[in-house]
Amino acid sequence: MIELREITEEDFHDVLSLELSEDQQKAKLVAPNVRSLAEAWLYRANEDVFPYAVYNNEELVGFILIDVDEEERAYMIWRMMIDKNHQGKCYGKKLVEKVIEIARQREDMDVLHCNYVVGNDAMKKIVESFGFVSNGFDDEHNEQLMKLDVK
């Protein structure tokens, strides 16, 4: 069962050790977890960016960074990665499903955003399977913008 857990002193180094495959790293499909954690720290005063370790039962399998925009009533998967040793096991799909469930439970959220770098075919397939639709394109970051109404 996929679970999002706050990152602690006990698993911090393990989260930093999670890796994409060499090809995924070269294609720059997802920023390194250390960058995501640094960005979460930078925005900590806003209390709207939340990094989580992703566990399947008691095994660390990935990382996710969630951004909450209460003014726009939007939840966003800012970053998401499954470790190279755990890819191909449907954890990415289960993780997106879990985030959709969380967003739907929040009465203050109407939409879930999820962007992916062009070439990240696995993420494209996952979000499209849940009914996410195009919401534009970010030329600066080469990202397809996607959204899902959760209400």
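The UniProt record's numbering numbers the first residue of the sequence shown as 1 and each following residue consecutively.
For glycine and all other residues, C-beta sits at the position ideal for the given N, C-alpha and C.
Beta carbon proximity, residue i to chain C, threshold 8 Å
i: E19; result: Judged by its chain identifiers, the structure shown contains no chain C, having just a single protein chain.
6 Å CB neighbourhood of residue i in its chain, flanking five on each side removed
i: K93; result: I126
Where the alpha helix (DSSP H) through residue i begins and ends
i: L24; result: Inspection of the sequence shows that residue 24 is occupied by Gln rather than by Leu. Taken as a continuous stretch (DSSP letters only), the alpha helix (DSSP H) holding Q24 covers 22–26.
i: N33; result: 33–42
i: residue 167; result: For residue 167 there is no data in the structure shown, the boundaries of the chain being 1 and 151.
i: K93; result: 91–105
i: H141; result: Run containing H141: none; DSSP gives neither H nor E here.
N- and C-terminal bounds of the beta strand (DSSP E) containing residue i
i: M80; result: 74–82
i: R5; result: 2–6
i: Y52; result: 49–56
DSSP beta-bridge partners of residue i
i: H113; result: M76, K147
i: S134; result: M146
i: Y59; result: Checking the sequence, you will find Glu at residue 59 rather than Tyr. Answer is N56, bridged to E59.
i: L29; result: For L29, which the question treats as bridged, DSSP gives no partner whatsoever.
i: L65; result: P51, R79
Sequence-distant residues of its chain with Cβ nearer than 7 Å to residue i (five each side left out)
i: L20; result: L29, V30, M81, K84
i: F12; result: none
Beta-carbon contacts of residue i that lie in its chain and below 8 Å, excluding the five residues immediately before and after
i: S36; result: P51, F63, L65, W78, R79
i: V133; result: M146, K147, L148
Could you check whether the stretch 74–91 touches the stretch 99–106, counting it as contact only if at least three pairs of C-beta atoms, one from each stretch, sit closer than 8 Å? yes
Taking contact to mean at least 3 C-beta pairs separated by less than 8 Å, is the stretch 42–56 in contact with the stretch 125–141? no
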